[in-house]
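Student:
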Amino acid sequence: MKKHPTDKFFAEKLKEVEIKPRPEAWDKLQMRMQTKQRRIGGWWQQGPWLAAAGVSLVLVAGWVIWSLNQSPDLTVAHKETNKSMPPQKQTIPLGESNKIPSSTDTDAIAALAEIPKEPTDKEVEKRNIRSSVPQKDARQSEPTILESLALQSSQEVAVNENKTPERENVNIAPTKVEQPQLIAQNSPTSNQPVTKTVVLQLPELKQSLVASAQVESNVEKQSADNVEKQKSDNEDFGENLLNKPRKSTRMTKVWQQLKNAKNGEKVDWEEVGFNPNKVLAKATGKNEN
Amino acid sequence: MVKILQLFTSEAQLVKSLQKGDTKAQRHLYEKYSARLLAVCVRYINDKMEAEDVMIEGFMRIFEKIDQFKGEGSFEGWMRRLMTNEALMYLRTKRHIEIDIDAPEAQQLSNYDWADANLEADDLMAIIGKLPTGYRTVFNLYAIEGFSHAEIAEQLGITESTSKSQLHRARALLQEMVKEAENLSRTTTEVVNRLKK
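These protein sequence lines map, in sequence, to chains V and X.
Heads up: the first sequence runs through residues 1470 to 1758, numbered per the numbering used here.
Heads up: the second sequence runs through residues 179 to 375, numbered per the numbering used here.
Below, the structure written as structure tokens:
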């Protein structure tokens, strides 16, 4: 197609036109390119360290989720191991129940409900204040949900305990003093975290021992057998607390099982805390679904 | 500068280095083509400062898309197309393209002997800069870049007939302006000659 003369004239004259840009234009271009590269080049381009950090973060998160999923199995394992030293959890609630005779049962339960919770300094302080000052109005609004939860959990465990006739406490007629004791024995096991109780106990060790002594004197009046049992339990607890910290005990058990596995002996997976066969079965079951 | 030029003797070599992200090659490309590509931008955008800004963006686009250049056709042509697209994008985003559809139809162009036109490129650039944006854009795309009306219509979001009428009006206006500029330059040279005598 023939080109229009106007178009031809302009095209010929203008095709080779040059307009020199200002010298700072190149610097501007470089600057923009750098900022754009920084924007486009995400964290993964900043170096392998960041990538490694990201991967490790994912792994840690995965482990946390996995361990959370495993928690029900672990509680079963802990329950069984706890039987050897149940009074460990008795001392604090006993002390509280004795120090606050005016408070109702639900108050005691509320106090107990906080034991398995996270052992922050705040809570320890709270509990100290509560035990010395018997007023309950100031904190009533806060732990209402906890109270109900504690009630539920403690009741459940109480039922479980009734089914197992190992304990003498079940045979004893429940009194006002002993009811919280029962709950105190059971609630930490029902709410499970074992390591937490150890951390809580240590700062109040003296108090709890005194409290347990007071309990002994009270219970002495009612049943001599019971006192003996409790005494021995408390002694056991004292020994466990001072000589065998909970965590190290478990570690040694796990270590022992690992040794067994290494030596080709039978491994008691309940001692370890989880059963890989169960985990595998659970995982494959999920996959099938 | 001489050293840089020596490094990239052939265009293929230069493209290869650019594809590797070589900053020296980028600098070389800029030094070699920036003036020509800025002229392309100025043809579309009358403001030189803004045109320079668009040229910088265009170079960034060239460096980004250098992998897409497969060596088919001229490298300069490929860069010019990218620069034109950048200028059009600027015009679109700034809504600078005003297509004056309601303008009266241009009169039939009188026969003008373009061979007699004795205007420099700078004068012609100034004349093109005086055109309304719609006329200028269509004229640039059709007459200089060589796009078809269908392509222009698609690029600018107008109909083919609008593109044709815009081009027709642009030509008429340009002819008028060139004539005026010619007359002006003639009278000025006459005056200068008389003054010299």
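Backbone N, C-alpha and C fix where the C-beta goes; we use that ideal spot for every residue, glycine too.
Keep in mind that this is a model prediction, so the values were computed, not measured.
What did DSSP end up calling V1486(V) once you bin it into helix, strand or coil?
Tutor: As a first step, residue 1486(V) is located in the first sequence; it is residue number 17 there, counting from the start. Here V1486(V) sits in coil by DSSP.
Student: Check distances from the C-beta atoms of the stretch 204-216 of chain X to those of chain V and list, in chain order, the residues that come in under 7 Å.
Tutor: Y208, S212, A213, R214, L216
Student: For W1518(V) and S1525(V), I'd like the C-alpha separation in whole angstroms.
Tutor: Position 49 of the first sequence, counted from the first residue, corresponds to residue 1518(V). Position 56 of the first sequence, counted from the first residue, corresponds to residue 1525(V). Straight-line Cα distance between these residues: approximately 10 Å.
Student: Given a cut-off of 8 Å, decide if L1498(V) and A257(X) are closer than it, judged by their beta-carbon atoms.
Tutor: The count along the second sequence starts at 1 and reaches residue 257(X) at position 79. The count along the first sequence starts at 1 and reaches residue 1498(V) at position 29. In the sequence as presented, Ala is not what sits at residue 257(X); that position holds Met. No.
Student: When the Cβ atoms of the stretch 1471-1491 of chain V are set against those of the stretch 209-224 of chain X, are three or more pairs found closer than 8 Å?
Tutor: yes
Student: Name the residue from K243(X), M233(X), V370(X), R259(X) whose alpha carbon lies nearest to the alpha carbon of E329(X).
Tutor: Your numbering for residue 329(X) matches position 151 in the second sequence. That would be R259(X), whose Cα lies nearest to the Cα of E329(X).
Student: Of all the CB atoms in chain V, is at least one closer than 8 Å to the CB of M393(X)?
Tutor: One cannot answer for residue 393(X) here, as it falls past the ends of chain X, which runs 179 to 375.
Student: Could you check whether the Cβ of P1492(V) sits closer than 8 Å to any Cβ belonging to chain X?
Tutor: Within the first sequence, residue 1492(V) is the residue found at index 23, counting from 1. Not an interface residue.
Student: Tell me the rounded alpha-carbon separation between T1475(V) and N224(X).
Tutor: For this step, residue 1475(V) is matched to residue 6 along the first sequence. For this step, residue 224(X) is matched to residue 46 along the second sequence. Distance from the CA of T1475(V) to the CA of N224(X), rounded to the nearest whole angstrom, comes to 20 Å.
Student: Name, please, each residue of chain X whose Cβ falls closer than 7 Å to the Cβ of R1501(V).
Tutor: Here residue 1501(V) refers to the residue found at position 32 of the first sequence. Ordered by position in chain X, the residues that pass the 7 Å Cβ test against R1501(V) are I234, M238.
Student: Name the residue from I244(X), K226(X), L352(X) whose alpha carbon lies nearest to the alpha carbon of Q191(X).
Tutor: Taking the second sequence and counting its residues from 1, one reaches residue 191(X) at position 13. The shortest C-alpha separation from Q191(X) is found at I244(X).
Student: Using 8 Å as the limit for Cβ to Cβ distance, is E1740(V) near chain X?
Tutor: On the first sequence, residue 1740(V) is found 271 positions in, with the first residue counted as 1. Judged by the 8 Å Cβ criterion, E1740(V) is not in contact with chain X.
Student: Straight-line CA distance for G236(X) to Q353(X)?
Tutor: Working through the second sequence from its first residue, we reach residue 236(X) at position 58. Working through the second sequence from its first residue, we reach residue 353(X) at position 175. One C-alpha to the other measures close to 31 Å.
Student: Does the separation of the CB atoms of L136(X) and A348(X) fall below 8 Å?
Tutor: Any question about residue 136(X) goes unanswered here, given that chain X covers just 179 to 375.
Student: Below 8 Å between beta carbons is the criterion; list the residues of the stretch 1721-1739 of chain V that meet it against any residue of chain X, in chain order.
Tutor: none
Student: Name, please, each residue of chain X whose Cβ falls closer than 9 Å to the Cβ of D1476(V).
Tutor: For the purposes of this step, residue 1476(V) is taken as the residue at position 7 of the first sequence. Among the residues of chain X, those whose CB is under 9 Å from the CB of D1476(V) are F317, Y320, A321, I322, L345, R349, following chain order.
Student: Whose C-alpha, out of K1477(V), E1485(V), R1507(V), L1727(V), is nearest the C-alpha of D300(X)?
Tutor: Position 122 of the second sequence holds residue 300(X). Selected option, being the one with the closest Cα: E1485(V).
Student: Does DSSP put S252(X) in a helix, in a strand, or in coil?
Tutor: For the purposes of this step, residue 252(X) is identified with residue 74 of the second sequence, where counting begins at 1. Coil.
Student: What residue range does the alpha helix (DSSP H) around F237(X) cover?
Tutor: Position 59 of the second sequence, counting from 1, holds the residue named residue 237(X). F237(X) -> alpha helix (DSSP H) spans 226-243.
Student: One question on the structure: do V316(X) and F253(X) come within less than 8 Å of each other, judged by their Cβ atoms?
Tutor: Locating residue 316(X) in the second sequence gives position 138, counting from the first residue. Locating residue 253(X) in the second sequence gives position 75, counting from the first residue. Contact annotation: V316(X) and F253(X) have beta-carbon atoms that are not nearer than 8 Å.
Student: Chain V partners of A304(X), CB-CB under 7 Å?
Tutor: Taking the first residue of the second sequence as 1, we reach residue 304(X) at position 126. Simply none; closest approach about 11 Å.
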